[in-house]
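Input: a single structure, listed below in structure tokens.
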Amino acid sequence: MTLAGATRNEMLLSLSNIVKSYQTAEGGIEILRGVDLDLAAAESVALAGESGSGKSTLLHLAGGLDRPDSGIILMNGQDVGALDDSGRARYRRREVGLVFQQFNLIPSLNVAANISFHAKLAGRFDVDWERELVDRLGLGDLLTRYPEQLSGGQQQRVAIGRTLAARPPLVLADEPTGNLDEATGDAVLDLMLSLSRSAGSALLLVTHSTRLAGKLDRKVFLRGGKIVP
Ligand SMILES: Nc1ncnc2c1ncn2[C@@H]1O[C@H](COP(=O)(O)OP(=O)(O)OP(=O)(O)O)[C@@H](O)[C@H]1O
Ligand SMILES: [Mg+2]
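With positions in the sequence shown counted from 1, the corresponding number in our numbering is that position plus 348.
Rendered as structure tokens:
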């Protein structure tokens, strides 16, 4: 995908001069020191950086789970930082899909219900797309199982299916395969990338794998609290 000629207004997600610090017993520590990052619709970007550099912090801000100290987060031109609690809840429901290392499946729902849960909340339940996801994620035989009856890799595939079932404009994935062995993790990520493309979702993926990052449209680093190419 080429971004040549695209203006910031055409961006799906636009982070401008984002600053974020945490308070600790030793005082405040500034983690993000002026992050600028734009994602176009359906673009996939790999985010790398040392442990503790602030990658998860950045994803939490973009996902509306936390607020920056300063800076502007625009999603389709809408100022996410200016939303009140219910606005942010709606944002999380409709605009973003999160895939984190902790799969956060709902224990009391079986696989089928876990997968359709967010899509229904977002008002985007589509039975054909869901069937395709179940098929491509190889979950057909597991639909009536509960999360505790699944392996880590199976839970991860359910988590990906659940996120993509809602076709969110933006998928934020934080080292989603960190708990899996390398071969399984690679296969699951390949699948996630391919399914994000089918869903038309943009993807911001934290990964340390150069091989996986190479499959995405672009790779950026978080270093010294800023995004560097
Ligand atoms: N709630 C918090 N309170 C205080 N400090 C925090 C908090 N959350 C994160 N930090 C600190 O902020 C820094 C960035 O954390 P973050 O989790 O964003 O890093 P990361 O790049 O995702 O690291 P990793 O690759 O290990 O997951 C770390 O130094 C961490 O200790
Ligand atoms: Mg992290």
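A virtual CB, placed ideally from N, CA and C, is assigned to each residue, including glycine.
Starting from the Cα of residue i, find the closest Cα among the options and give me that residue.
{"i": "glycine 382", "options": "Pro416, Gln502 and Ala390", "result": "Pro416"}
{"i": "leucine 360", "options": "Glu530, Gly419, Glu391 and Asp529", "result": "Glu391"}
{"i": "leucine 487", "options": "Arg472, Ile575, Ala461 and Ala467", "result": "Ala461"}
I'd like the list of long-range same chain contacts for residue i, defined as Cβ closer than 7 Å, with 5 residues on each side in sequence excluded.
{"i": "threonine 342", "result": "Look at the range of the chain in this structure, 349 to 577, and you will see that residue 342 is not part of it."}
{"i": "alanine 547", "result": "Leu512 and Arg515"}
{"i": "asparagine 527", "result": "Gln449 and Gly500"}
{"i": "phenylalanine 473", "result": "Ser464 and Ala467"}
Let's test the definition: count the other Cβ atoms within 10 Å of the Cβ of residue i and tell me whether it reaches 16, buried, or not, exposed.
{"i": "aspartate 538", "result": "exposed"}
{"i": "aspartate 476", "result": "exposed"}
{"i": "glutamate 443", "result": "buried"}
{"i": "isoleucine 366", "result": "buried"}
{"i": "glycine 375", "result": "exposed"}
{"i": "arginine 521", "result": "Residue 521 is actually alanine in this sequence, not arginine. Counting Cβ neighbours within 10 Å, alanine 521 comes out buried, since at least 16 surround it."}
{"i": "leucine 552", "result": "buried"}
{"i": "arginine 479", "result": "exposed"}
Ordered along the chain, which non-local residues of its own chain (more than five positions away) have a Cβ less than 8 Å from that of residue i?
{"i": "asparagine 458", "result": "Leu491, Thr492, Arg493 and Tyr494"}
{"i": "isoleucine 508", "result": "Val447, Leu485, Pro524, Val536, Leu539, Met540 and Leu543"}
{"i": "histidine 556", "result": "Ala396 and Glu523"}
Once you ignore the five residues that flank residue i on each side, which residues in its own chain have a CB closer than 6 Å to its CB?
{"i": "arginine 456", "result": "Checking the sequence, you will find serine at residue 456 rather than arginine. Cβ within range, chain order: n/a, list empty."}
{"i": "leucine 409", "result": "Pro416"}
{"i": "threonine 566", "result": "Reading the sequence as shown, one finds arginine at residue 566 and not threonine. Answer for arginine 566: Val393, listed in chain order."}
{"i": "aspartate 529", "result": "none"}
{"i": "valine 554", "result": "Leu395, Lys403, Asp522 and Glu523"}
With residue i and residue j assumed to form a contact (beta carbons below 8 Å), what rounded beta-carbon distance in angstroms separates them?
{"i": "alanine 430", "j": "isoleucine 463", "result": "Between isoleucine 463 and alanine 430 the Cβ distance is about 33 Å, and since that is not below 8 Å, they are no contact."}
{"i": "serine 549", "j": "proline 517", "result": "6 Å"}
{"i": "aspartate 386", "j": "serine 362", "result": "5 Å"}
{"i": "arginine 436", "j": "glycine 412", "result": "4 Å"}
If we require 4 or more residues per run, which alpha helix (DSSP H) segments fall completely within the segment 392–474?
403–410, 433–442 and 459–469
Could you name each continuous alpha helix (DSSP H) segment of 4 residues or more that falls completely within the segment 471–527, going from the start of the chain to the end?
475–484 and 500–513
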